[in-house]
Structure formats: structure tokens, C-alpha cells
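Numbering (the working numbering), first residue to last: 49 to 492.
Data first, discussion second: the structure below is written as C-alpha cells.
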């Protein structure tokens, strides 16, 4: 068979086979060449079902509530995953729905700050009382020495829905989702400030850029001098010999001026961000304490979680968290379901704005409500309604706080809207999804 290839015109390929001539547009030839090359690469790509096998773990996630839930955080410990797959690694993994047709945005974090990732995190949507199956494919620890394992395709990068940082321009450490921003300023208190958003999106860059111009794109709402802000904290001394303003022996102890404060970002997206401040040499009674304060937020959520750990105390310690209580602002509290909230004209942005603030706390560690309270050493304070909470046996505690603005895109326009948001969030926190990691023999 005689073959002759010749370029006759700029975009035409002439092929002569057995004295018969054929003409093709050159881009047709290039298209099929590229197509066949890509098909060959895909056929030889190391994807489940090809040569070898990508190891995987299956799990089910059940929504115990009769309500639809979106962007539900699922947190899996590395140690728990290794119980069913001892070669599991967080170095390279992929989270998908059951048929592997769709990736689920995920991340791995080093929560204990020891240089090794120890948690796998992702978000899912759940219909009322729905159970979903999820697949985690991974590259095992021994992949380099075991040729039977197949390599795995992964998605490089998911859209950032959260972010955090230590910002000199903001004078504190801050964290945000698309819906809300929080800040722990570096001052004499441990109050949490709230920056509400008119439109959804991440705001740090714009907020910092607007500082020199004096233009505000978000709303700082907390009045200066309040010890708690929205979900801040102080140590609680119920037997102080020097109570402020005649408060019968009870006193709030904010961070000591002589204590050292070490802020750091533990995780920074795309779906969860975690910030931490370690307070060394916090003086309380005759003790010198180490207090570790860790805040986190997830994509799609307005609430933030606060985890506290206190070390160095010789006697049991209680902490106080709370909300400011300006004049004419009513506080709603529900001891049974574990929340308090306020709603009304309490922002410093505009007298026409309305703002909701809430604390959601574990009822099994609840001690009492206190009002009005002032912290030691802070001038010009606004009184606060405090929630006094006990620590567990390990000196730890976690609670949640949430804020919403009636000018934002989150759909909260009135007190009934905010009340429903608080109740819904409390219900979600108190009834987390039921996660079952399936034994390898049961995995599909």
C-alpha cells in the first residue's frame, strides 16, 4: 500500500492511498489526533476501575431531624478512620457521593498544631431524616512500596467560602464565612466583635482597603468597653473580696494586662477556618493560668464555635459568656434548650438598623444567668447579661454564638426571623448528624 501525505493548501491535508486521493480539513485531523491521545491517557489513568485499585472507605450520614439541613459540617478524626483502614492517609484523598460522580469539597487540618493533619472535614446537604452514603478514596501510606495500588485523580482547589488571619489593620484576629465576620481585638478584654454584611462574600480585602478612606463596607456593631461582645468570655469569681460597683462578692476577670497573648491561624479554608489565641500567665486568685481560646466557622454558616481549655488551676473554675444589654433591649432566654438572644436597635451603624445576637450553650454545663454585670478594670462599660458555665473534668468547654443583621442577604429581617434562626441552629447543634464509618468488609 502506497501512502502519500501532502499539505496542498493552508488548511487542507491531502492523503493518497492506493492511487486514490482523500482530502481533510487539517483541523479535523488535529482534532482526532488530540482526541485519541486524550482517550489513551484516560484509559491508562489510575482511576477506580482501571489497573489496580484505589482504596476507599464508605460511611453513612443520617439526619435525625425532620428538617432540611444545608452545609452540615462533618468532622472525621484520623484515628477513627484508621480503625477501619490502618493504611489510611490524609496526604491525598477525595470525598465523593456514593456513585463517585460528584466531588464533595473537603479539607484536612492539623487541629492540635503538632505538624500532622488529624481531621478530615466536609459539608453536605441533608433532606429531612435522610441517610446518605459517602465514599472517601485515598492514597495509602504504603503506596510507594506497593505497586498493586492505583494512583488517584483529585480536584485541585475548591472555592474559598471562609478565611481568617491576624490583621494589624483590624487590630486583632478575625475569621469569616460568606455571611458574617467576627473579630477578637487585641485589647484589655476578650470580647468578640461582629461585622455584618449587606451582600454575601468574603470581605477582608475590601474592609482593609477601605480603612484608609474611612469608608465602611461592613458593620462593626459592638460598642467599645463591653466585656463580652457577642460570645466573648471572662473568668468568673463568685467569691471575690473586691467586687466592682457593689456586686455582692461576684466579679468577672477579663484577660490580665500582664498575660501574654499568642494568636495563630490553625486552619484557613476552603470550607472551615480555625483561629486560636493562647493566653499565658492569666492571673486568677492565687493561680497563674494558661487559657487556650479556639474559634471556628464553616462555609454557609452564621454561627461560630468557641472551644475553651484552661490549665493550671488549683480549684474548679467557671467562665462567663454573654451579650450586651443596652437600654430598651429585651433579652430572651431559654434554659431548657440552651440559648439566649437579643434583637433590636443596638448597632453603632445606624439608628434604623436592627441586629440580633445570640449565645447557644450546652445545658449540662449551665450554672446560672447573671445581670447586670461589669468586668474588673474596664471603664465605660455597658451592662451585660451573662451565662455562667462550668468546665468539664478536663478543664474544657465549648459553646456557640451567632449574629444577624436586618440589612443583610441572609433573610433575617425581623425578630421572629432571628428567633427561628436561633432555635433552628440550637436544634442542629443538639442533634448532630449520625455518622457511621462502615467496616471494610461492608464497604461497596
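For every residue, glycine included, the Cβ atom is placed at its ideal position computed from N, Cα and C.
This structure is a prediction, so every number in the text was calculated from the model and none was measured.
Asked, Found
"Of the choices 123, 107, 175, whose alpha-carbon is the least far from that of residue 321?", "123"
"I'd like the list of long-range same chain contacts for residue 138, defined as Cβ closer than 7 Å, with 5 residues on each side in sequence excluded.", "126, 156, 165, 168"
"On the DSSP letters alone, give me the boundaries of the beta strand (DSSP E) that residue 147 sits inside.", "Residue 147 -> no beta strand (DSSP E), and no H or E assigned at all."
"Could you tell me whether the stretch 98-118 touches the stretch 448-463, using the rule of 3 or more Cβ pairs below 8 Å?", "no"
"Taking buried to mean at least 16 other C-beta atoms within 10 Å of its own C-beta, is residue 118 buried or exposed?", "exposed"
"So which of 311, 216, 382 has the shortest CA-CA distance to residue 474?", "382"
"Quick check on the burial criterion: 16 or more other C-beta atoms within 10 angstroms. Buried or exposed for residue 241?", "buried"
"Which residues does DSSP list as the beta-bridge partners of residue 120?", "172"
"Under three-state DSSP, which class holds residue 113?", "coil"
"Among 339, 278, 248, 376, which has the Cα closest to the Cα of residue 309?", "339"
"For residue 466, report the span of its alpha helix (DSSP H) as first-last.", "463-478"
"I need the straight-line Cα distance from residue 348 to residue 115, nearest angstrom please.", "17 Å"
"Hey, out of 112, 120, 113, 101, whose CA is closest to residue 345's CA?", "120"
"Would you give the residue range spanned by the alpha helix (DSSP H) that residue 257 belongs to?", "252-258"
"Nearest to residue 275 by CA position, among 233, 316, 250, 251, is which residue?", "233"
"Which residues in the same chain as residue 355 place their Cβ atom closer than 6 Å to its Cβ, once the five residues preceding and following it in sequence are excluded?", "342, 446"
"Let me know if residue 485 comes out buried or exposed under the rule of 16 or more other beta-carbons within 10 Å of its beta-carbon.", "buried"
"I think residue 319 touches residue 483, with their Cβ atoms under 8 Å apart; what is that distance to the nearest whole Å?", "About 17 Å separates the two Cβ atoms, so there is no contact after all."
"Starting from residue 357 and walking both ways along the beta strand (DSSP E), at which residues does that stretch end?", "351-359"
"Within 10 angstroms of the Cβ of residue 247, are there 16 or more other Cβ atoms? Answer buried if so, exposed if not.", "exposed"
"With a Cβ-Cβ cutoff of 8 Å, do residue 367 and residue 284 count as a contact?", "yes"
"So residue 279 and residue 390 are supposed to be a Cβ contact under 8 Å. How far apart are they, rounded?", "Rounded, the Cβ-Cβ distance is 12 Å, inconsistent with contact."
"Under 7 Å Cβ to Cβ from residue 207, same chain only, skipping five residues before and after it: list those, please.", "318"
"By how many angstroms is the C-alpha of residue 436 removed from the C-alpha of residue 448?", "14 Å"
"Find the nearest neighbour of residue 189 within the set 133, 177, 228, judged by alpha-carbon distance.", "133"
"Would residue 184 and residue 146 be called neighbours here (beta carbons separated by less than 8 Å)?", "no"
"For residue 218, name the three-state secondary structure that DSSP assigns.", "coil"
"Classify residue 91: buried if its beta carbon has 16 or more other beta carbons within 10 angstroms, exposed otherwise.", "The predicted position of residue 91 is uncertain, since its pLDDT is 38 and thus under 50; no value can be drawn from it."
"In angstroms, rounded to a whole number, what distance separates the CA positions of residue 413 and residue 260?", "44 Å"
"Taking residue 130 as part of the alpha helix (DSSP H), name the residues at either end of that continuous run.", "126-132"
"Quick one: Cα of residue 451 to Cα of residue 143, how far?", "31 Å"
"Please determine, among 229, 236, 316, 239, the residue with the shortest C-alpha to C-alpha distance to residue 254.", "229"
"Could you pull out every residue in the same chain whose Cβ sits closer than 8 Å to the Cβ of residue 1, ignoring the five residues on either side in sequence?", "The requested residue 1 does not occur in the structure, where the chain is confined to residues 49 to 492."
"Could you pull out every residue in the same chain whose Cβ sits closer than 6 Å to the Cβ of residue 294, ignoring the five residues on either side in sequence?", "Per-residue confidence for residue 294 stands at a pLDDT of 42, beneath the threshold of 50, marking its modelled position as unreliable; the derived number appears in the next sentence. Hits under 6 Å: none found."
"Report the three-state DSSP secondary structure of residue 411 (helix, strand or coil).", "helix"
"Taking the alpha carbon of residue 371 as the reference point, which residue from 415, 281, 456, 364 has its own alpha carbon closest?", "281"
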